[in-house]
Every structure is written in structure tokens, then in C-alpha cells.
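Chains as they are written, first to last, in my numbering: chain E, 64 to 553; chain Z, 64 to 553. Each residue gets a CB set at the ideal place from its N, CA and C atoms; glycine is no exception.
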């Protein structure tokens with residue numbers, strides 16, 4: 064007999080559809096009627112606010128300061144960097160007029176054309192680069208370490224909530240340095256910040272690696288990525304960090320006088336991550352009953368559900384619940400005392416992914432115990448916790464949940480990563496499977512395109528920290544010193 | 064002899080220019096090369112982040128949840144509300160194309176015109192109203208209490224940093240209620256939230272009042288405002304709260320089934336405040352030496368300045384400074400150990416408005432006292448504080464500074480508010496003075512326009528909580544039950 068689940072279809076039945084249903088059941092977000100744009104609803108935005116807070120702390124701890132730059136990029140700015148404009152000019156939102164007036168028929172039409180069209184920022188290298196070129200004069204002004212939280216627009220044709228939308232929210236770091244070495248260090252440091260954030264805040268294990276030339280950020284010298292494995296065994300690029308060399312410094316004119324008094328171009332980096340984190344979160348941990356939230360980013364970490372069978376007990380039970388809430392200092396707690404059935408109420412919070420649920424009724428008060436349910440376990444598994452120990456237990460459960468989610472995801476990633484050393488096996492594998500394939504690989508742009516066309520598989524990254532063991536490229540047979548991760552991807 | 068000041072010109076010499084210079088000296092923001100848009104630099108953005116945090120707490124404490132809605136408003140949405148579109152369609156940024164392609168000469172030009180132009184949100188009533196119309200079905204869905212932090216764009220011709228820019232940052236609350244009474248209560252509650260925030264966070268005294276019809280938000284039934292007096296005795300509208308009646312519910316189709324089962328339009332409100340808060344802050348407290356920050360929104364509340372006269376003392380002094388910093392738990396402290404002259408360093412932080420400066424040199428270590436300077440006092444006034452008492456003293460000084468700034472601004476506002484009961488005196492007053500004039504007033508749109516033209520004076524608001532004492536309208540001589548505040552304004 065098929066197990067009843069809160070989400071239909073299940074992951075096994077239809078993964079992409081399951082993803083949409085989890086979002087709807089948890090009331091995270093929805094497609095707006097504005098083409099390609101999403102509305103992030105309060106529960107989804109609450110998660111984003113916690114992500115922002117935790118990632119922002121890490122960005123500041125590493126010496127960066129937040130600032131804010133204009134939404135608009137003049138067309139002429141975008142054109143300064145040839146590769147960059149190739150990458151971003153294709154699909155963008157273009158402001159051409161600044162007035163609406165009524166035509167003869169009474170319809171509003173755009174009037175007052177702009178002298179120069181403005182692009183809604185798809186990314187801010189050029190607009191921030193212009194500011195850097197004025198702010199940086201001397202080596203004393205370096206390093207300059209800036210971050211911005213903002214909305215950006217890329218005109219996407221096929222959109223999916225949190226994964227790919229026309230407008231999305233993100234943070235973008237932009238830094239300038241006096242030496243190539245420093246810029247490289249920064250690029251990798253921020254990649255590490257993303258990886259730590261993924262682990263500590265989201266319980267997502269990631270692989271850090273370098274992108275191949277074909278997948279590089281337009282205009283960058285090197286692009287690094289963190290790749291996570293979703294439960295359908297596809298890869299999701301969760302954040303990227305770019306070493307821009309002196310390319311953008313040259314196109315934006317970011318020059319400084321070095322210690323010797325010579326004028327020199329700065330070395331710059333940029334790194335970004337988006338509301339896509341929420342998509343990664345959903346697809347890493349959620350199950351067929353809905354969202355599962357890692358405690359650090361759960362808007363409520365614990366919900367107290369009063370079980371009121373008789374009206375005369377109402378006051379006492381609610382009073383008891385309030386007392387429990389007060390004990391749980393520093394934990395995000397809510398009491399759900401809505402007058403609806405207990406089952407409906409429990410399922411409401413299961414689907415929203417709240418890590419812990421407490422039930423408190425007459426029996427619990429009499430016995431001085433509380434029934435506690437962990438979202439990461441089966442929804443019938445109860446722990447009876449004595450009132451006295453509640454605060455300690457809750458704290459340790461939240462810690463355990465985070466560890467459990469991470470370990471489970473890491474195990475899943477390991478179980479679905481295999482070494483393959485010849486092309487036939489590779490084709491065999493991807494025709495009936497998904498997962499991460501580790502294979503020796505020599506860079507070859509044409510090869511990558513063919514692989515995408517034939518297998519829908521791409522080189523996700525060349526993982527960092529490899530031993531350098533030689534092998535034969537799985538495609539060309541040429542000698543290769545590194546392995547790449549090949550996978551289907553979001 | 065003229066006193067030397069860090070800012071030239073002084074407030075008395077040229078107030079508007081002084082304002083620009085304070086911003087530059089504190090490195091808060093700058094005009095970008097993108098028309099009308101500003102760059103908020105790290106120190107300015109740090110202030111904004113603290114404002115956001117404190118105001119956001121108040122918005123959440125009053126039951127509101129944050130969410131995020133699209134940047135784009137389709138033209139057809141804006142047209143649904145006749146008055147609203149009149150107010151906002153005139154000067155806005157219009158997206159008409161979504162692709163850039165090279166023409167024959169190799170220049171990028173906008174292609175792929177949109178079927179329907181998109182307006183960059185000047186405010187989000189229509190886009191949020193569309194969502195509300197789907198989210199609200201029954202009285203059980205009400206009240207719906209939403210807030211959004213976002214960027215908005217209004218195509219301004221004359222811009223001033225923080226006060227009026229094409230793009231600015233703000234929060235906008237949008238709520239829907241089952242009854243008119245509830246919506247009215249909400250409108251005034253949020254006005255009160257703004258007034259408390261102005262006092263508690265920014266030490267700015269404000270007057271709460273209702274706007275006249277001429278100054279109402281386009282489409283609103285009533286608009287309430289908080290008005291603050293700047294040091295040039297002009298008024299600055301710091302935040303507004305709008306009772307929208309059923310106007311927007313009707314144009315957006317926000318209907319619900321009431322308890323009786325009848326379909327009914329909701330009552331909605333909206334309320335907003337912007338990066339203009341920073342302008343208000345600057346013009347309320349700053350002096351001829353630069354910015355003066357109220358402690359709650361100071362990115363650093365205290366700076367420790369090591370005074371190192373001999374290199375052999377360096378280590379010991381810096382060690383001592385670190386120890387002091389550790390003692391000041393919960394206070395935002397920085398140690399400025401840059402290798403520059405002490406005077407230059409002090410002035411750097413004076414201009415940035417940091418509330419407290421500590422100087423620590425060999426003498427201070429020997430005597431176990433610290434020299435403490437308050438930014439709100441003359442910059443030569445020193446307090447010698449014993450090391451033992453430092454933490455307590457610093458906390459009480461920060462509290463005192465906040466009270467002192469508020470009291471000073473309140474006294475200034477009171478000293479520059481006068482009752483005037485006839486037109487001749489009014490004209491006399493404004494031809495040589497500035498300030499708030501309280502005068503009996505009966506609403507008359509034509510009158511208001513004439514007053515603006517002739518005197519450059521507007522009705523700022525009809526203050527709330529008036530006794531209802533009757534008098535004669537200062538213009539028409541008709542009986543009037545309320546007094547209005549008349550002033551020149553930003």
C-alpha cells in the first residue's frame with residue numbers, strides 16, 4: 064500500500080512537480096503576474112532574512128563593508144568590457160523613457176525618451192567599477208572591500224521559483240587589491256565563506272571547485288563555484304567567486320599609485336549568491352511531507368501546539384504554554400492557538416518545515432512532561448521530555464538536527480558520486496542515472512558543448528585540492544592532471 | 064575673530080551648502096554619474112542598516128511580516144486607480160525592451176519591445192493589491208499586515224542626496240482590514256510607530272498631523288505625516304501613513320466574505336519611510352564641525368584613539384586599548400591605530416559624528432584614567448573617567464547624549480513655533496523668518512496654492528489631538544476649528 068504523504072506527487076513520482084508543491088504547501092513564494100518575477104511570501108522571506116543575517120555576519124567578519132549603488136547601468140558602461148557585455152546584454156530590462164502621457168485615445172504611452180538607455184543591473188561590476196576608479200588613488204586605499212545586497216534583473220525565458228527568475232535578490236561582493244596574489248586569496252577566501260555558510264547555516268555539503276573556461280563569468284580570469292547535490296542527484300551551483308584579474312580595472316580605469324610611486328591597474332574580484340540558496344535548501348532536505356528547515360534559518364525553530372480537549376482546561380494549558388515559551392530564551396518559538404483541529408495544525412507546521420513541535424495537553428501538564436516531535440524524523444516518533452530539562456533538550460535537539468541534516472546530505476552526495484574512467488561507461492551511466500561523476504578531464508571547449516548536447520551533462524567544476532594524480536582524459540584520451548565533476552545541473 | 068570650524072561654509076553662512084559638505088566630510092554618500100541616483104557609501108549605509116534594524120523591529124512587534132514583491136508594475140495595473148496614476152505616471156522609469164543587439168555600425172541598441180511597458184515601482188500599492196486580491200478570500204484572512212524593504216524610482220528633476228533622489232531605499236507597509244475602524248486604527252498606529260522611532264532611534268522630535276487634501280497621497284482618503292523641524296527652521300516630512308479607504312480595494316478587487324457571508328471590499332492602508340531619514344538626521348543634529356550621530360544609529364558609538372608618542376610604548380598602549388574595548392561589551396567600538404597624526408585622527412571621527420572618543424596614552428595608563436570626549440559637546444571638553452568606572456560611564460553618557468540631542472532639538476522646535484492670527488503678521492513673519500506657524504485654518508485648495516506661490520509656504524499638517532478651540536481662518540476669516548502648521552519645507 065502506498066504511504067500517504069502531505070505532498071503529491073512525491074519526489075520519486077515527479078521531482079520537479081514535487082519541488083513546486085513543497086513551495087506552495089509551505090507558502091514560501093509564488094509566480095507573480097509580472098513576467099518571470101516572483102513574490103516571496105512571509106515564510107519564504109523570513110528564511111531569506113535569516114540567511115541574509117548569517118551570511119552578512121560572515122561577510123563583515125572578513126572585513127567587508129556594505130554599501131549601495133544605483134539600479135541603473137548606462138548602456139555605455141556595459142559596453143566598456145567586451146566579454147562582459149556579450150554575456151549580459153542579451154537578455155536584460157532596458158529603460159528607454161521617463162514619462163507617461165495620454166495619447167489621443169486616452170491611453171497612457173511612454174514619452175520623453177532618454178538620451179542614453181539604462182539597463183537594470185544584471186550585475187554591478189561596471190557601476191561599482193566606475194566608483195572604484197574615483198575612490199582609489201593610492202595603494203593606501205587598498206584593499207577596498209565592498210558588498211551590496213540588492214535586486215538584479217536578467218530577462219529569463221524559462222523561470223522556476225528561487226532557481227531562475229527575472230528579478231532576484233542577492234548579495235554581490237566587489238573588491239580591489241594591490242597585487243594579483245591578494246586578489247586570488249580574496250577570491251578563494253570568499254568561496255570558503257560560502258562553503259562554511261552552506262554548511263553552518265543551511266546544512267548543505269558543497270564541493271568547491273573552479274569552473275572551466277566555457278562556464279566562466281563573462282570577463283573573469285577564473286571563476287570558482289560551490290556545487291551542491293540535490294536529491295534528484297543533479298548539481299546546483301549555489302554561489303560563485305570570480306578572480307577578475309586586471310580586466311575590469313582596465314575597462315573601468317581603476318588605477319593606483321603603488322609604493323614606488325608608479326601608476327598601476329588594480330586587481331579586482333567579485334562574488335555573489337542569491338535567493339537561489341532557498342531553492343538549494345528545499346531540494347537538499349525536504350521530504351514527501353514538505354519543507355524541512357535547518358534550525359539556523361527556521362523563522363520558528365519550535366512551535367508549541369496546545370491540545371485542548373475541554374474548554375475548562377483552555378486557560379491553564381495556554382498559561383502553561385506561555386511559561387514554556389518564556390523558558391526557551393534565545394529560541395524562535397511560536398504558540399499556535401488557532402481554533403482548528405490538532406491534526407490540521409500539526410500538518411501545517413510539518414509542511415512549513417519547523418524543526419521541533421511540542422504538544423501540550425492536560426496529560427502533559429499532569430505528568431510534567433512534554434511530547435516533542437522532530438521534523439527530521441518520522442512524524443510519529445515522539446520524545447517525552449521532562450519539563451525541567453526542556454530548555455537543555457531543545458537546544459541539543461536543534462544542534463542534533465543540524466548535524467543530522469548535514470550528515471544525511473553528505474552521505475547522499477558520497478553515495479552518488481562515482482569515478483568513471485572511460486567514455487562508454489560515462490554514457491551508460493548518464494543514460495539511466497544521475498549523480499556526480501569524477502573523471503580525468505582536459506579542458507576543451509568544443510568537447511563541453513558536445514557533451515551538453517548529447518548527454519545534457521556539463522562539467523560542474525574542477526574540485527580544488529586535488530592530488531595531481533595523472534590519468535587519461537575521459538573524452539580525448541590525452542594526459543590530464545585533474546579530475547572534473549560531470550553532472551546534469553539546474 | 065571667526066571660530067575655525069571643520070565644515071565650510073557654516074550653517075549660518077550657507078545652509079544648503081553646509082548640508083552637502085557635512086555629507087562629504089562624513090563620507091556618507093555621493094551623486095553617481097547615473098542621473099539622479101546616489102551611491103550610499105559604507106558609513107552612510109551603516110547608519111541606514113541600523114535604522115532598518117530598529118524600525119524593522121518596531122514593524123514586526125506591531126504584527127507585520129516582511130515579504131518581497133516585483134520591481135516592475137505593468138502599465139495596465141497603474142491605470143486601474145485614476146488618481147493614483149495621475150500622481151505617479153508623470154515621472155517614472157519605463158522599461159520598454161528586453162534585448163540589446165548590435166546595429167550595422169556595431170552599436171548596441173534596444174530590441175525586442177515588450178508587449179506592455181513596465182514601470183519601475185514608484186510605490187507598490189497596485190502590485191501588492193493584485194496579490195492581496197488573490198490572498199484574501201474570507202474575513203479569516205484579515206487583517207493582512209505586510210511590509211516590504213525595497214528600492215523605488217521616481218524620476219526627479221532636481222535631486223539632493225538623501226532628500227530627493229531618483230532611486231531611493233524605503234520600507235512600505237501595506238495592510239488590509241475587515242472594517243473601516245480597524246484600518247483607521249492601523250494608519251494612526253503606524254504614524255505613532257514612526258514618531259517613536261524618530262524619537263528613540265534618531266532623537267528627532269516630530270509633530271504628528273493630517274495632511275490637507277492638496278497634499279494627500281494620490282488615491283488616499285486621508286494622509287498622515289510626521290513633520291520635523293530642521294536647523295534652518297524649515298519643515299521636513301519624515302514619514303507618511305495613508306488611510307486608503309476602499310479605493311484601492313475596489314480598483315484591485317480585494318474582496319472578502321464577511322462573518323455574515325456577504326462579499327465586501329476590504330479597507331486598506333499603506334505607510335512608508337525612506338533613506339530621507341538620514342537627511343532628517345543630518346539636518347537636525349549636525350553642527351559646523353560635521354555630523355552628529357545619535358548613539359542608536361552610530362555604526363561606531365565609541366572610538367578609541369591610542370596616543371603613541373614613543374615607539375617603545377606602542378605595544379603596551381595598544382594592548383591597553385584592546386582591554387578597554389573588551390570591557391565595553393554590547394557597545395560598537397573601534398580602535399583607530401592608523402599611523403597618522405592625533406589631531407587629524409580626532410577630526411576624522413568628529414566629522415563622522417561618532418558620539419564618544421576616548422584617548423589613551425602613557426599618562427592615561429599611569430593614572431588609570433581615560434580622557435573622554437562627547438561629540439555633542441564642544442570638542443575641547445574632556446571628562447577624565449577612571450578605568451574602573453569606564454563601562455558604566457560610557458553607557459550613561461550614550462544615554463545622556465541621546466536625551467540631550469532630543470531635548471535640544473525639541474527646544475529648538477518650540478522656540479521656533481509661533482501662533483499667528485492674522486494674515487499681515489503671517490506675511491511679515493515669512494518674509495524675514497522661518498519656523499512653524501500655528502494658525503487657524505479652514506481647508507481651501509486654491510488658498511494653499513496661492514500661499515505656496517506667494518510665500519513659498521505650505522500647510523505642513525493639521526496636528527492631531529487639538530482641543531477644537533474655535534478661531535478665524537487666517538486667510539478666509541471663516542470659522543475654523545483647527546489650527547494648521549504652516550512652514551517652508553523640503
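Chain-ordered neighbours of residue i on chain E, where CB pairs are closer than 9 Å
i                      : result
residue 214 of chain Z : 131, 134, 213 and 214
residue 232 of chain Z : 131
residue 5 of chain Z   : Coverage of chain Z is limited to positions 64 through 553, which leaves residue 5 of chain Z absent and any answer about it impossible.
Within 8 Å, strictly: CB atoms of residue i and residue j
i                      : j                      : result
residue 334 of chain Z : residue 309 of chain Z : no
residue 234 of chain E : residue 131 of chain E : no
residue 111 of chain Z : residue 103 of chain Z : yes
residue 238 of chain E : residue 230 of chain E : no
residue 301 of chain E : residue 256 of chain E : no
residue 384 of chain E : residue 369 of chain E : yes
residue 183 of chain Z : residue 213 of chain Z : no
residue 453 of chain E : residue 390 of chain E : yes
residue 533 of chain Z : residue 544 of chain Z : yes
residue 70 of chain E  : residue 88 of chain E  : yes
residue 523 of chain Z : residue 374 of chain Z : no
residue 311 of chain E : residue 192 of chain E : yes
residue 125 of chain E : residue 247 of chain E : no
Neighbour list for residue i in chain Z, Cβ cutoff strictly below 8 Å
i                      : result
residue 159 of chain E : 157, 158, 159, 160 and 173
residue 113 of chain E : Here the premise fails: no neighbours, minimum Cβ distance about 11 Å.
residue 354 of chain E : Result: empty, since nearest Cβ-Cβ is about 17 Å, beyond 8 Å.
Under 7 Å from the C-beta of residue i: neighbouring residues of chain E
i                      : result
residue 500 of chain Z : Near residue 500 of chain Z there are no residues of chain E at all, since even the closest Cβ is about 36 Å away, more than 7 Å.
residue 180 of chain Z : 173
residue 138 of chain Z : 171
Beta-ladder partner(s) of residue i, from DSSP
i                      : result
residue 454 of chain E : Bridge partners of residue 454 of chain E: none, in fact.
residue 271 of chain E : E/289
residue 165 of chain E : E/171
residue 331 of chain E : E/239 and E/308
residue 101 of chain E : E/94
residue 412 of chain Z : None; residue 412 of chain Z has no bridge partner.
residue 432 of chain Z : Z/449
Closest residue to residue i among the options (Cα-Cα distance)
i                      : options                       : result
residue 232 of chain E : E/339, E/191, E/135 and E/315 : E/339
residue 180 of chain E : E/159, E/188, E/168 and E/170 : E/159
residue 549 of chain E : E/503, E/509, E/543 and E/539 : E/503
residue 527 of chain Z : Z/275, Z/217 and Z/390        : Z/275
residue 410 of chain Z : Z/441, Z/114 and Z/371        : Z/441
residue 172 of chain Z : E/170, E/196, E/188 and E/142 : E/142
residue 296 of chain Z : Z/473, Z/507, Z/118 and Z/113 : Z/473
residue 190 of chain E : E/152, E/144 and E/133        : E/133
residue 476 of chain E : E/371, E/273 and E/292        : E/292
residue 280 of chain E : E/209, E/351, E/379 and E/144 : E/144
Chain-ordered neighbours of residue i on chain Z, where CB pairs are closer than 7 Å
i                      : result
residue 128 of chain E : 105
residue 142 of chain E : 171
residue 193 of chain E : 96
residue 225 of chain E : Neighbours of residue 225 of chain E on chain Z: none; closest Cβ ~12 Å, over 7 Å.
Cβ separation of residue i and residue j, assumed to be a contact under 8 Å, to the nearest whole Å
i                      : j                      : result
residue 551 of chain Z : residue 497 of chain Z : 6 Å
residue 15 of chain E  : residue 388 of chain E : No information on residue 15 of chain E is available, as it lies outside the stretch 64 to 553 that chain E covers here.
residue 264 of chain E : residue 360 of chain E : 6 Å
residue 511 of chain E : residue 521 of chain E : 7 Å
residue 468 of chain E : residue 260 of chain E : In fact, because the Cβ distance is near 15 Å, the residues do not count as touching under 8 Å.
residue 413 of chain E : residue 430 of chain E : 24 Å between Cβ atoms; not a contact.
residue 304 of chain Z : residue 337 of chain Z : The Cβ separation is near 13 Å, so there is no contact.
residue 456 of chain E : residue 448 of chain E : 5 Å
residue 100 of chain E : residue 135 of chain Z : 6 Å
residue 85 of chain Z  : residue 202 of chain Z : Actually they are not in contact, since the Cβ atoms of residue 85 of chain Z and residue 202 of chain Z sit about 51 Å apart, beyond 8 Å.
residue 486 of chain E : residue 537 of chain E : 6 Å
8 Å Cβ cut-off: residues of chain E touching residue i
i                      : result
residue 100 of chain Z : 133, 134 and 135
residue 154 of chain Z : 161 and 162
residue 108 of chain Z : 128, 129, 130 and 131
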